[in-house]
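*Asks:* Sequence lines, in order, name chains A and B.
Throughout the first sequence, residue numbering follows our numbering, covering -14 to 179 in sequence.
Throughout the second sequence, residue numbering follows our numbering, covering 821 to 1358 in sequence.
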Amino acid sequence: MKTNIILAGVGGQGILTIAAVIDTAALASNLNIKQSEVHGMSQRGGAVQSHLRISSKEIHSDLIPLGKADIIISVEPMELLRYIPYLKKDGLLVTDSNPFENIANYPELKEIFSEIKSHQNSILIDAKQIAKDLGNSKATNMVLLGAAASHLPLSDESLQQAIQTLFERKGERIVAKNLEAFIKGKEIATETVS
Amino acid sequence: MKKLLLGNEALAQGAIDSGISGVYAYPGTPSTEITEYIQHSKTATELNIHSQWSVNEKTAMEAALGMSYAGKRAMTVMKHVGLNVAADVFMNMAVSGINGGLVVVVADDPSMHSSQNEQDSRNYGRFAMIPILEPSNQQECYDITKYAFYLSEQLGLPVMIRMVTRLSHSRAGVEIGSRIAQNIIRLPKNPHQFQLIPVHARNGYQHLVDLQSDTRESSENSFFNSYIDGPNISMGIIASGIAYNYLMENFDDDDCPYPILKISQYPLPKNLVKKLFNKCKKVLILEDGYPFIEEVLSDYFGESKKIMGRLTGHLNRVGELNPDNISKALGFDVKIASEIPKIVSGRPPELCIGCAHRDLFEAINQLKIENNDQQVFGDIGCSALGALTPYQSINTLIDMGASITMAKGAADAGIHPSIAIIGDSTFTHSGMTGLLEAVIENTPVTIIISDNSAIAMTGAQDSSASGRIVDICRGIGVDENHLKIITPLHKNLNENIDLIRNEIDYKGVSVVIAQRPCVQLSKEQKDRLNELKKVSLN
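See below:
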């Protein structure tokens, strides 16, 4: 069993927090992990991605081969599309719908959405709004993670425990908000798919 | 339980557990996290392991050599182009040899994710005639570092560990072993060992040449070089460092049918290579970076039918390796379901919102319009982003410190205005000597030090220049009347333009310090900065 996940976004949007939760849960579940990330120049407002691989067996490459990603999770809709060649046939797309427009030639949002929806398995949600409604827009990431959760080879308990562990030093309230965001994301994904 | 570590962090943990007494480094992607890990390590702090940033890679490597002279173990860390800066001491300490174990870690950046070239440090290792280690995964990063210190003391030579971006910046579970104690102070037995005047240097070099049979033998027997047999001898594969992972990825959970020589230690183990060549009809060479092994093994005219790699077009000559280009080299089809949609546009890096460089570039661009020129010499660091849209303010970007010296040369050629823009940390790294040259000749150049009091591009590390720039410029001899400080804020735009325009009109050296802290600085860093400023003003 091997799961390949690409996390996408813009430098500074915090995709590595999603990675850290999945890593922590996978490590606690005795699974092997490889997680490649971007440091340096691209982190300055450029396109960034992380290749995250989880398996019960040995993982060789730090990079996911083209056409082999099971899931792409993106915190920005255009960034999701940048990694489409990595997606396997019928792979899952999960993305926030809010564009991050720091470039002059940002495409029409409508076109981006229709491109995303042309894929059979796609979850396009306003995760930012959901997080805001819960009172913490910083938890957008956890809404998206929740939306992808049922497709990960990890139990909800292990993911929630990982959220607890990672946010613990920020206090009870932050932990609770992030857990709520995770659960809400999971609910919405179920509605979206069915 | 295994610890989840970046390749860089695993290497750093390996160094702590090898009993190092100090790490010396200047930040540079992809090498930065190695030193940061040691800086943040509780154990390292308790053990009083030196880990403060150096001013540049040359001072770093020399300090590491000094620690080795004293008999203790030291590590020096840099990105590939940093080794160019440290090349003087690097080449010479191979001749002198070392006392306490000394490991040089160099992180290469194939595909130039954050660099101006993709030079392959293995060439430097061979040039200096020292052993090179090239881990293929995170566990090996840890294990190989411990081995590197052992090997260094066994041979009496510095040992190079070569990393690449993808290994530096990828995490995996790593099994941590035990730690050994630091060496005690023990001066070199031979009082002439480190005196490289010709009479002793000749002995040192002869000794280095004589050691080569030992370095080769060490490679032949190395745990990190292995011959893995396979039934299909129509092809053999040499895979070095991280390329081994990409190769194995293509066979997923199966064994590779071809015999493989996995290389993680150089010089190349001749007997193992010969075994593979004798057995297989042809050999595919997989290595990230330059065709280093391929060039050694290919004949001069490249007519050898046996070898396939980056020189023969079986793999891309430039750019990093990945599972996909290796898949093609193996003759597999790479299938993708859909291409990147055409509507997706590029998203290059940019300066942070609120960054002081932005306000400086705005002023510079106004002046460029007035002068209709392309005479702004830029430098490495965040200010290099001024080469990209929307500013496109700088016209050159070559190496650390080159803004000042290129501006001087261009001014010598008769260009006016000739403007240099350099960050504060880049200035103390390699700009001060160039400024001295300009001052000596009173060359008509305008040097703008964009002082954000941080080594910003690599993550806002402390800059050696903080609180010291004005004093340094004075000390070098810049005329007080042409040593100006401005605050790059939008509200000061016109004032700043006027001031810079005046300095451009002056036919001598002027230095304008555009001072405003990096927006990425933490609160602690800002507090420390304020303290430094108080000291400097007194």
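Even glycine gets a Cβ: it sits at the ideal position worked out from N, Cα and C.
Run down chain B in chain order and give the residues with a C-beta less than 7 Å from the C-beta of A:Met63.
*Replies:* Neighbours of A:Met63 on chain B, chain order: Val1164.
*Asks:* State the Cα-Cα distance for the pair A:Gly170 and A:Ala132, rounded to the nearest angstrom.
*Replies:* In a straight line, the C-alpha of A:Gly170 is about 5 Å away from that of A:Ala132.
*Asks:* Can you tell me the Cα-Cα spacing of B:Pro1087 and B:Lys899, whole angstroms?
*Replies:* The straight-line gap from Cα to Cα measures roughly 21 Å.
*Asks:* Could you please give the first and the last residue of the uninterrupted beta strand (DSSP E) stretch that includes B:Leu824?
*Replies:* Taken as a continuous stretch (DSSP letters only), the beta strand (DSSP E) holding B:Leu824 covers Lys823 to Leu826.
*Asks:* For B:Val923 and B:Ser861, what's the separation of their Cα atoms in angstroms?
*Replies:* Roughly 19 Å between the two C-alpha positions.
*Asks:* Can you find the residues in the same chain that come closer than 6 Å, C-beta to C-beta, to B:Ile1305, ignoring five residues on each side of it along the sequence?
*Replies:* The residues are Ile1333 and Gln1335.
*Asks:* As a quick exercise: from A:Ala10, A:Asp111 and A:Glu100, pick the residue whose alpha carbon is nearest that of A:Thr125.
*Replies:* It is A:Asp111 whose Cα lies nearest to the Cα of A:Thr125.
*Asks:* Can you look up B:Met1277 in the DSSP assignment and give me helix, strand or coil?
*Replies:* In the structure shown, B:Met1277 sits in coil (DSSP, three-state: anything other than H, G, I, E or B).
*Asks:* Can you pull out the residues from the segment 29 to 52 of chain A whose beta carbon lies closer than 7 Å to at least one beta carbon of chain B?
*Replies:* Listed in sequence order: Arg29, Gly30, Gly31, Ala32, Lys42, His45, Ser46, Asp47, Leu48, Pro50, Leu51 and Gly52.
*Asks:* At the 9 Å Cβ level, is B:Asn1136 part of the contact set with chain A, yes or no?
*Replies:* No, its Cβ sits nowhere closer than 9 Å to a Cβ of chain A.
*Asks:* Buried or exposed: where does B:Ala1001 fall if 16 or more other Cβ atoms within 10 Å of its Cβ makes it buried?
*Replies:* That one is exposed.
*Asks:* Assign B:His1177 to one of two classes, buried (16 or more other C-beta atoms within 10 Å of its C-beta) or exposed (fewer than that).
*Replies:* Buried is the call here.
*Asks:* Between A:Lys19 and chain B, is the shortest Cβ-Cβ distance under 9 Å, so that the two count as touching?
*Replies:* True, the Cβ-Cβ gap to chain B drops below 9 Å.
*Asks:* Residues of chain C with a CB under 9 Å from the CB of B:Ser1060: which are they?
*Replies:* Looking for chain C here will not work: the only protein chains present are A and B.
*Asks:* Does the beta carbon of B:Val901 sit closer than 9 Å to a beta carbon anywhere in chain A?
*Replies:* Chain A contact via Cβ: absent.
*Asks:* Please name the residue in B:Ser1286, B:Thr1278 and B:Gln1281 whose C-alpha comes closest to that of B:Ile1269.
*Replies:* Ranking the options by Cα distance to B:Ile1269, first place goes to B:Ser1286.
*Asks:* Check whether the Cβ of B:Cys961 lies closer than 9 Å to any Cβ atom in chain A.
*Replies:* Not closer than 9 Å to any Cβ of chain A, the Cβ of B:Cys961 fails to qualify, so no.
*Asks:* Counting only beta-carbon separations shorter than 9 Å, does B:Ile1080 have a partner in chain A?
*Replies:* It does not; no Cβ of chain A falls within 9 Å.
*Asks:* Any C-beta of chain A sitting closer than 9 Å to the C-beta of B:Ala845?
*Replies:* Taking Cβ atoms only, chain A never reaches closer than 9 Å to B:Ala845, which makes this a no.
*Asks:* Considering only residues of the segment 1113 to 1179 of chain B, which uninterrupted beta strand (DSSP E) runs meet the minimum length of 3 residues and lie entirely inside it, listed in chain order?
*Replies:* DSSP runs (the beta strand (DSSP E)) wholly in the segment 1113 to 1179 of chain B: none.
*Asks:* Got a sec? Which residues, its chain only, sit under 7 Å from A:Gly(-4) by beta carbon, not counting five neighbours each side?
*Replies:* So the qualifying residues of the chain are Ser27, Gln28, Arg29, Gly30, Gly31 and Val33.
*Asks:* Whose C-alpha, out of B:Lys1009, B:Val979, B:Ile964 and B:Tyr1066, is nearest the C-alpha of B:Phe1043?
*Replies:* Closest option to B:Phe1043, Cα to Cα, is B:Ile964.
*Asks:* Show which residues of chain B have a CB atom less than 8 Å away from the CB atom of A:Pro138.
*Replies:* Correct list: empty, because the minimum Cβ distance to chain B is about 16 Å.
*Asks:* For B:Tyr889, which residues from the same chain have a beta carbon less than 7 Å from its beta carbon, with the 5 sequence-adjacent residues on both sides left out?
*Replies:* Correct list, in chain order: Asn919, Pro1008 and Phe1014.
*Asks:* For B:Glu829, I'd like the list of residues in its chain whose CB is within less than 7 Å of its CB, leaving aside the five on either flank, ordered along the chain.
*Replies:* Closer than 7 Å at Cβ, skipping near neighbours: Glu853 and Tyr857.
*Asks:* Provide the residue(s) that pair with B:Gln1085 in DSSP beta bridges, ordered along the chain.
*Replies:* B:Leu953.
*Asks:* How many whole angstroms separate the CB atoms of B:Asn1254 and B:Asp1299, which I take to be in contact at a CB cut-off of 8 Å?
*Replies:* The sequence shown places Gly at residue 1254 of chain B, rather than the Asn named in the question. Between B:Asp1299 and B:Gly1254 the Cβ distance is about 17 Å, and since that is not below 8 Å, they are no contact.
*Asks:* If you pair each beta-carbon of the segment 141 to 159 of chain A with each one of the segment 88 to 106 of chain A, do three or more pairs fall below 8 Å?
*Replies:* Because the criterion of three Cβ pairs below 8 Å is not met, the segment 141 to 159 of chain A and the segment 88 to 106 of chain A do not touch.
*Asks:* On the premise that B:Gln1194 lies in contact with B:Ile1317, defined as a C-beta separation below 8 Å, what is that separation, rounded to the nearest angstrom?
*Replies:* That pair is no contact at about 18 Å.
*Asks:* Is it buried or exposed, B:Met983, if we count other Cβ atoms within 10 angstroms and call 16 or more buried?
*Replies:* Buried, because 16 or more other Cβ atoms sit within 10 Å of the Cβ of B:Met983.
*Asks:* Taking the alpha carbon of B:Gly1221 as the reference point, which residue from B:Ser1213, B:Leu1171 and B:Ser1245 has its own alpha carbon closest?
*Replies:* Among B:Ser1213, B:Leu1171 and B:Ser1245, the Cα nearest to that of B:Gly1221 belongs to B:Ser1245.
*Asks:* Which residues, taken in chain order from the segment 971 to 994 of chain B, show a beta carbon closer than 9 Å to some beta carbon of chain A?
*Replies:* So the list reads Thr985, Arg986, Leu987, Ser988, His989, Ser990, Arg991, Ala992 and Gly993, given in the order they occur along the chain.
*Asks:* Based on the DSSP secondary-structure assignment, which residues constitute the bridge partners of B:Lys1304?
*Replies:* DSSP output for B:Lys1304 lists B:Val1332 as bridge partner(s).
*Asks:* Indicate the three-state DSSP secondary structure (helix, strand or coil) for A:Asn17 in the structure shown.
*Replies:* Reduced to three states, the DSSP call for A:Asn17 is strand.
*Asks:* Which one of A:Ile173, A:Gln105, A:Pro138 and A:Arg67 has the shortest CA to CA distance from A:Asn15?
*Replies:* That would be A:Pro138, whose Cα lies nearest to the Cα of A:Asn15.
*Asks:* Distance check for B:Ile1173 and A:Leu48, CA to CA, integer angstroms please.
*Replies:* The alpha-carbon atoms of A:Leu48 and B:Ile1173 are separated by roughly 31 Å.
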